[in-house]
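Data block below; observations after.
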Amino acid sequence: MNETPKVAVVTGATQGLGLALVEGLAQRLSPADTVYLTGRDAGRVQEAVEAAPAGGAQIRGEVFDVADPDAAGRFAGLLRERHGGVDIVFGNAVMRVGPDDDPRDVIEPYTQVNNFGTTRLLRAFAPLVRDGGSLIVVASSLGTLNQLAPVLHRRFDGLTTLEEVDEQVAAWRDAVADGSARAGAWPGFVNIPSKIGQVAAVRALAAQRRADDLARGILVAAVCPGMINTPTSALWWDVSEAATPAQAAVPLLDLALEPVKPEQYGELVRHGQVVPWSPRYHQS
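Numbered by the working numbering, the letters in the sequence shown go through residues 132 to 415 in order.
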């Protein structure tokens with residue numbers, strides 16, 4: 132009996148790491164498989180698809196704006212009709228901030244993409260992942276409680292639903308917007324609470340699905356690709372010796388395509404190793 136063709140989805144895929152993930156998946160999968168290269172701008176999506184190397188799986192472009200509250204549900208429904216399910220999902224869509232951006236001015240669109248976009252993706256696509264598949268959110272090693280003042284740990288620790296995560300992210304967003312976060316213990320760099328919210332979302336979903344997913348060989352995880360040499364990262368750090376997007380994509384692709392390791396399920400993974408969630412973390 133012929134194997135069902137695989138279907139992969141990468142969000143935020145018109146450049147950088149997302150594009151490298153699409154190209155890496157296409158190279159590793161077969162010509163019968165499909166990799167969806169998605170982004171919010173139709174022109175950039177089409178340009179990226181046309182420039183992609185030939186060979187391997189079919190690369191198919193699709194407009195998908197994760198900031199649109201209804202887009203994830205629509206796209207998931209479309210893929211269910213076309214393919215019946217999906218095998219690999221990389222949530223990589225991100226709105227970046229620069230050193231000169233005022234967090235109060237950007238926090239609304241920032242959280243709509245990075246945080247609420249993540250929880251919408253998880254809600255919509257988790258039911259579609261087939262046996263042996265993976266649902267991975269690209270986050271950061273900044274996304275751990277170790278990066279947050281202890282008084283704030285309770286905001287994100289032990290959350291068990293995506294709705295609870297959304298509530299905490301919304302409370303933080305509102306505090307940034309009205310300026311009260313500056314007077315509290317919140318870090319000034321909005322990337323830290325945002326990444327923590329992403330990892331908390333993965334952990335909340337995983338808490339609900341762990342037993343069934345592991346029985347079916349499904350991985351739900353967050354992943355840290357490490358420092359990447361991109362123009363945006365260069366605004367903040369010296370990335371001259373950092374990995375290229377193609378290099379950074381390799382361990383992420385390995386994670387998605389190799390058999391699931393139970394100790395990685397629901398965790399933040401960097402180069403195959405679990406990054407501790409909190410100071411008291413002990414891997415079971």
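C-beta: ideal position from N, C-alpha, C; glycine also.
Per-residue burial, residue i [other beta carbons within 10 Å of its own, 16 or more giving buried]
i, result
"THR375", "exposed"
"GLY149", "buried"
"VAL351", "buried"
"VAL217", "buried"
"ARG334", "buried"
"LEU209", "exposed"
"ALA182", "exposed"
"PRO234", "buried"
"SER271", "buried"
"ARG205", "exposed"
"PRO184", "exposed"
"PRO324", "buried"
"PRO382", "buried"
Three-state class that DSSP yields for residue i in the structure shown
i, result
"ILE349", "coil"
"ASP305", "helix"
"SER311", "helix"
"LEU152", "helix"
"GLN329", "helix"
"THR292", "coil"
"ALA374", "strand"
"ARG227", "coil"
"VAL197", "coil"
"ASP164", "coil"
"ALA338", "helix"
"GLY139", "Contrary to the premise, residue 139 reads as Ala rather than Gly in this sequence. Residue state, collapsed to three classes: strand."
"ALA144", "coil"
"ARG254", "helix"
"VAL354", "strand"
"LEU279", "coil"
"LEU266", "strand"
Test item: CB-CB of residue i and residue j under 8 Å
i, j, result
"VAL405", "GLU394", "yes"
"ILE267", "VAL354", "yes"
"THR142", "ASN223", "yes"
"GLY186", "ASN246", "no"
"VAL194", "VAL176", "yes"
"LEU293", "LEU252", "no"
"THR169", "VAL138", "no"
"ARG211", "LEU259", "yes"
"ILE238", "VAL307", "yes"
"ALA377", "ALA144", "no"
"THR250", "ASP297", "yes"
"ALA203", "ALA255", "yes"
"GLY155", "LEU384", "yes"
"ASN277", "PRO410", "yes"
"VAL269", "PHE221", "yes"
"VAL400", "LEU345", "no"
Member of the options whose CA lies at the smallest distance from the CA of residue i
i, options, result
"THR291", "ARG159, GLY397, VAL194 and PRO184", "GLY397"
"ALA157", "GLN189, ALA173 and GLY170", "GLN189"
"ARG261", "ARG347, VAL225 and HIS284", "ARG347"
"ASP196", "VAL244, GLY310 and PRO324", "VAL244"
"VAL330", "THR135, PRO410, GLY274 and ASP172", "GLY274"
"GLY263", "PRO136, ALA202 and LEU152", "PRO136"
"ARG286", "GLN278, GLN299, ASN277 and ALA280", "GLN299"
"PRO356", "ASP288, ARG341 and ALA373", "ALA373"
"VAL225", "PRO407, PRO240 and TRP408", "PRO240"
"HIS284", "VAL153, GLY147 and ALA316", "ALA316"
"SER265", "LYS392, ASP172, GLN339 and ILE349", "ILE349"
"GLU134", "VAL228, ASP305, ALA163 and ALA338", "ALA163"
"ARG227", "THR242, ARG213 and HIS214", "THR242"
"ALA332", "TYR167, GLU295, ARG313 and TRP303", "GLU295"
C-beta neighbour in chain B for residue i, strict 8 Å
i, result
"VAL406", "Structure shown: chain B not included; a single protein chain is present."
Check: residue i C-beta below 7 Å from any heavy atom of the ligand FAD
i, result
"GLY328", "Absence of the ligand FAD is noted for the structure shown, with no ligands found whatsoever."
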